[in-house]
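Below is one structure; the comments refer to it alone.
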């Protein structure tokens, strides 16, 4: 709402208030004035009427008492007196007057001079008209007050009263304009005052409120300004916030994407790592494990966390015989960084032995820092077994070929020898027959005998030839360390023993002097003992297939080599036969191993014997003379 | 021909063995022919005399067993005495199943060998006799006319002339004529003899 409108409204309210107040008070006053005027007029009219009546009655009585005193009659006399009196009475107020009239025919005839209009001779007014309403009522014998039209047609306030004695009507009346005049005046003055008050009020209001308004306006302006500034700042801040928010959202999205990628990548790598068939791991330089793939459970029987919690477990499960390999590898891999591969055995949690192919490589970061080692352990037991089985198979085949050859050889031998034997026998028998005849043909017999001699020689040659065929190579006596020979021999059957689950422990006296022996033959002896011992333990539980090879010094400048097994030993009756040729307790054995050993040892001036152990098992031992005492 | 001196063939790659065996066999009065290989024996003209073969199992080239197979294949039915230096039971069973007379292990005992040779020659003589007889009977059968053969084959089944006449659609009289001719030609004195002859040549 504009300022002007507001002021206008204010003024309107004030004016309305003034008007209403003035109007109401004036109308109340007016009403009171009217009521008072009516009463006064009524009293006036009534008192006049009663006075006239009294005069009339007096005149009438006077007439009676003094007839003829009034030539024109008492009534007229009365009237005259009244008229006379009235002529001396100008009336009350500005417009107030008495009218007295009587009804003559259809007219109202006024008896008194009027104050305003055809003064002395007022014209009668027709009864049936709108004029002179109060008089009509009075003439109709009514009494009261009325606001109505007078004989002139003016609005008047009138009291009407009939005058009973003279059949007249009296009316006291006053013009409404006069009645109203003070009120109109008062209204006007009131209005004037009100207008002034309104003006002054407005002026004052404006005067008083203006600075306030100014101030308020200023304040408002300031506030608006501040508000605007605030809004501006809020807007700017909001924009900034939105921008920041947007950036944040982008960053969050980026981060999320990166995280998702990371998680996906991790999932991928973990999936690959966790599902590898081989036992993969990553270890720190000190051997602490960072990651171990679940496949380790399949291969080693241990859970990945067992390796992580106990970093020495990887070392502990390596079988004692292979710890050196593993230890050397651990050392080598840290001294020179290059991919390496080794093979060793572990003992699984359930005690089973497994072959492991271990491949590892150092993990180096961008700065060339070594983060540890990535390694893969593959279970190659099956492959090893197959290799060994293939080897065994080859050996079996070779053995079969040998046996077959032997068979061939003996068949050949039998045939070769049978030929001369047949010839000799048949010749001899033919000769016998020839000689029993009457005339024996001696020449023929001579021939026969010559043939017999020839055939016999041939038989001898055959045997000699076969002997040459079977003759061994010459033995070579050289100085050797018996321990080295034992180690070489053991290495030859290393895999066989693994497959057979036989563990060989060695208790070798490293301080032994060298011996002069045929290395190959001695290895043959050791191998025979090892194979014999492993064969003897075939029926034992894999974990109790223990073999021990010992070397020590013996009596009178000898060394003693013993091979001890954990089999069930020998029955008493077997002791004597065991070293004889073709004696065997084995289904596939030729029964030649131990006799050969015996022969070889004896050829080395040694002694071979066998004894049962107190704790079960069998020990084969042999002696060899030391150094210079040995064969030249 | 049954009186001819029997011949013993000796096949052995070993000359000394051949010679000694030949001497031994000669000492009992038998003829001996020696061969150094199975091939040589196969390529020789077989003698018509009663004979037997002393054969070494193991020989280079064709072995004794191979030779036995060859002889079987060509239908040369000669008794064989195997000698071997290295015999086993399965091998001897195999050779005996295929008709070997004896299986001797070297060095052979003279008596065992000579007994075996005699048995083999007797067997060969028998075989030859039977073979000759059958050949003679077969010649007689061959001399029959087709009609006579028909009658012959029915007569030996024991059918009466009437039945034969009915079966062959000829008169009983004609059958009788054919029948007497068959008896003449087959040199059979009785129906029983005729049936025996028919059995020998496998007509029944």
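Residue numbers (this note's numbering), protein chains in the order written: chain L, -12 to 619; chain V, 867 to 1070.
Idealized CB from N, CA, C, for every residue including glycine.
Note that the structure is predicted; figures quoted are calculated from it, not measured.
Q) Pick from L:61, L:98 and L:57: whose alpha carbon is nearest that of residue 74 of chain L? A) Position 87 of the first chain, counted from the first residue, corresponds to residue 74 of chain L. Nearest option by C-alpha distance: L:98.
Q.
My output table needs one value for residue 528 of chain L: the three-state DSSP class, helix, strand or coil.
A. Within the first chain, the letter at position 541 stands for residue 528 of chain L. Note: residue 528 of chain L maps to coil in three-state DSSP.
Q: Select from the stretch 874 to 889 of chain V all residues with a C-beta closer than 8 Å to any C-beta belonging to chain L, and list them in chain order.
A: 880, 882, 883, 885, 886, 887 and 889
(Q) Just to make sure I have the definition right: I need the residues of chain L whose C-beta is within less than 8 Å of the C-beta of residue 895 of chain V. Which are they? (A) Along the second chain, read from residue 1 onward, the residue named residue 895 of chain V stands at position 29. Within chain L, no C-beta atom comes less than 8 Å from the C-beta of residue 895 of chain V; the nearest is roughly 10 Å away.
Q) Would DSSP call residue 551 of chain L helix, strand or coil? A) Position 564 of the first chain, counting from 1, holds the residue named residue 551 of chain L. The answer is strand: DSSP assigns residue 551 of chain L an E or B state.
(Q) Comparing C-alpha positions only, which one of L:25, L:609, L:525 and L:518 sits nearest to residue 469 of chain L? (A) Taking the first residue of the first chain as position 1, residue 469 of chain L is located at position 482. The residue with the shortest Cα to Cα distance from residue 469 of chain L is L:609.
(Q) Let's test the definition: count the other Cβ atoms within 10 Å of the Cβ of residue 276 of chain L and tell me whether it reaches 16, buried, or not, exposed. (A) For the purposes of this step, residue 276 of chain L is taken as the residue at position 289 of the first chain. Residue 276 of chain L is buried by the Cβ-count criterion.
(Q) Give me the chain V residues within the contact set of residue 420 of chain L, using Cβ-Cβ distance strictly less than 8 Å, ordered along the chain. (A) Here residue 420 of chain L refers to the residue found at position 433 when the first chain is read from its first residue. Here the neighbours are 890, 893, 894 and 976.
Q: Determine, using beta carbons only, whether residue 335 of chain L and residue 287 of chain L come nearer to each other than 7 Å.
A: Within the first chain, numbered from 1, the residue matching residue 335 of chain L stands at position 348. Within the first chain, numbered from 1, the residue matching residue 287 of chain L stands at position 300. Yes, the pair counts as a contact, with Cβ atoms nearer than the cut-off.
Q.
My parser needs the beta strand (DSSP E) runs of 3 or more residues fully inside the stretch 885 to 964 of chain V; what are they?
A. 897 to 901, 917 to 922 and 946 to 950
Q) Comparing the C-beta of residue 972 of chain V with each C-beta of chain L, is any distance below 7 Å? A) Taking the second chain and counting its residues from 1, one reaches residue 972 of chain V at position 106. Yes - at least one Cβ of chain L is within 7 Å of the one on residue 972 of chain V.
Q) Quick one: which chain V residues come within Cβ less than 7 Å of residue 417 of chain L? A) For this step, residue 417 of chain L is matched to residue 430 along the first chain. Chain V residues near residue 417 of chain L: 886, 889, 890 and 893.
**Q.** Beta-ladder partner(s) of residue 346 of chain L, from DSSP
**A.** Counted from its first residue, the first chain places residue 346 of chain L at position 359. L:328 and L:363, per the DSSP bridge assignment.
Q. By Cβ distance below 6 Å, which residues in the same chain neighbour residue 438 of chain L in space, the five residues on each side in sequence not counted?
A. For this step, residue 438 of chain L is matched to residue 451 along the first chain. Excluding sequence neighbours, residue 438 of chain L sits near 414.
Q: Specify whether the stretch 914 to 928 of chain V and the stretch 976 to 991 of chain V touch according to this definition: at least 3 beta carbon pairs, one from each stretch, less than 8 Å apart.
A: Contact between the stretch 914 to 928 of chain V and the stretch 976 to 991 of chain V is present: three or more C-beta pairs spanning the two stretches fall below 8 Å.
Q. If you check the beta carbons only, do residue 908 of chain V and residue 417 of chain L fall under 7 Å apart?
A. As a working note, residue 908 of chain V is residue 42 in the second chain. As a working note, residue 417 of chain L is residue 430 in the first chain. A distance of 7 Å or more separates the beta carbons of residue 908 of chain V and residue 417 of chain L.
Q.
Quick test of your reading: residue 157 of chain L and residue 125 of chain L, contact by CB under 8 Å. State the CB separation rounded to the nearest angstrom.
A. To locate residue 157 of chain L, count along the first chain from 1; it is residue 170. To locate residue 125 of chain L, count along the first chain from 1; it is residue 138. That belief holds up - the Cβ atoms of residue 157 of chain L and residue 125 of chain L are roughly 6 Å apart, short of 8 Å.
Q. If you draw a straight line from the C-alpha of residue 210 of chain L to the C-alpha of residue 225 of chain L, how long is it?
A. For the purposes of this step, residue 210 of chain L is identified with residue 223 of the first chain, where counting begins at 1. For the purposes of this step, residue 225 of chain L is identified with residue 238 of the first chain, where counting begins at 1. Distance between the alpha carbons of residue 210 of chain L and residue 225 of chain L: 21 Å.
Q: Could you work out which residue in L:36, L:137 and L:217 is closest to residue 153 of chain L when comparing CA atoms only?
A: Within the first chain, numbered from 1, the residue matching residue 153 of chain L stands at position 166. Of the listed residues, the one whose Cα sits closest to residue 153 of chain L is L:36.
Q: Specify, as a first and last residue, the run of the alpha helix (DSSP H) that residue 611 of chain L falls within.
A: In the first chain, counting from the first residue as 1, residue 611 of chain L sits at position 624. Annotation for residue 611 of chain L: no alpha helix (DSSP H) segment contains it, though the beta strand (DSSP E) segment containing it runs 605 to 612.
Q) Among the residues of its own chain, which have a CB less than 7 Å from the CB of residue 435 of chain L, if the five just before and after it don't count? A) In the first chain, residue 435 of chain L corresponds to position 448, counting from 1. Excluding sequence neighbours, residue 435 of chain L sits near 414, 417 and 418.
Q) In chain order, what residues of the same chain have a beta carbon less than 6 Å from the beta carbon of residue 598 of chain L, not counting five sequence neighbours either side? A) The residue labelled residue 598 of chain L in the question sits at position 611 within the first chain. So the list reads 606, once near-sequence residues are dropped.
Q. Of the choices V:976, V:928, V:965 and V:1007, whose alpha-carbon is the least far from that of residue 993 of chain V?
A. Taking the first residue of the second chain as 1, we reach residue 993 of chain V at position 127. Minimum Cα distance to residue 993 of chain V is reached at V:965.
Q | Closest by C-alpha distance to residue 519 of chain L, when choosing among L:529, L:480, L:501 and L:508 | A | Position 532 of the first chain, counted from the first residue, corresponds to residue 519 of chain L. From the listed residues L:529, L:480, L:501 and L:508, the smallest Cα separation to residue 519 of chain L is found for L:480.
Q. Is there a Cβ from chain V that is less than 7 Å from the Cβ of residue 456 of chain L?
A. In the first chain, counting from the first residue as 1, residue 456 of chain L sits at position 469. Because residue 456 of chain L carries a pLDDT of 47, less than 50, the predicted location of this residue cannot be relied on, and the following value inherits that uncertainty. No - not a single Cβ of chain V is within 7 Å of the one on residue 456 of chain L.
**Q.** Residue ranges of each beta strand (DSSP E) within the stretch 123 to 161 of chain L, 3 or longer
**A.** 131 to 136 and 142 to 150
Q | Cβ-based burial, residue 315 of chain L [other Cβ within 10 Å; buried from 16] | A | Counting from one through the first chain, the residue named residue 315 of chain L turns up at place 328. Answer is exposed; the Cβ neighbour count stays below 16.
Q: Can you give me the start and stop residues for the alpha helix (DSSP H) that residue 1008 of chain V sits inside?
A: Start at 1 with the first residue of the second chain, and residue 1008 of chain V comes out as number 142. First-last of the alpha helix (DSSP H) with residue 1008 of chain V: 976 to 1009.
Q: Use the C-beta contact count for residue 341 of chain L: other C-beta atoms within 10 angstroms, 16 or more gives buried, fewer gives exposed.
A: Walking along the first chain from the start, residue 341 of chain L turns up at place 354. With 16 or more other Cβ atoms within 10 Å, it is buried.
Q. Would you report the Cα separation of residue 865 of chain V and residue 590 of chain L, rounded to the nearest angstrom?
A. This structure gives no information on residue 865 of chain V, because the portion of chain V shown stretches from 867 to 1070.
Q: Report yes if the C-beta distance between residue 546 of chain L and residue 499 of chain L is below 7 Å; otherwise report no.
A: Residue mapping note: residue 546 of chain L aligns to position 559 of the first chain, counting from 1. Residue mapping note: residue 499 of chain L aligns to position 512 of the first chain, counting from 1. For residue 546 of chain L and residue 499 of chain L, yes; Cβs fall inside 7 Å.
Q | Any C-beta of chain V under 7 Å from that of residue 429 of chain L | A | Numbered from 1 along the first chain, position 442 holds the residue referred to as residue 429 of chain L. No - not a single Cβ of chain V is within 7 Å of the one on residue 429 of chain L.
Q. Can you name the start and end residues of the beta strand (DSSP E) that residue 1062 of chain V belongs to?
A. Within the second chain, the letter at position 196 stands for residue 1062 of chain V. Premise fails: residue 1062 of chain V lies in the alpha helix (DSSP H), 1057 to 1066, not in any beta strand (DSSP E).
Q.
By the DSSP assignment, the beta strand (DSSP E) with residue 971 of chain V in it spans what residues?
A. Counting from one through the second chain, the residue named residue 971 of chain V turns up at place 105. 968 to 971 is the span of the beta strand (DSSP E), which, as asked, contains residue 971 of chain V.
**Q.** Residue of V:1064, V:880, V:940 and V:933 minimising C-alpha distance to residue 1016 of chain V
**A.** As a first step, residue 1016 of chain V is located in the second chain; it is residue number 150 there, counting from the start. The residue with the shortest Cα to Cα distance from residue 1016 of chain V is V:1064.
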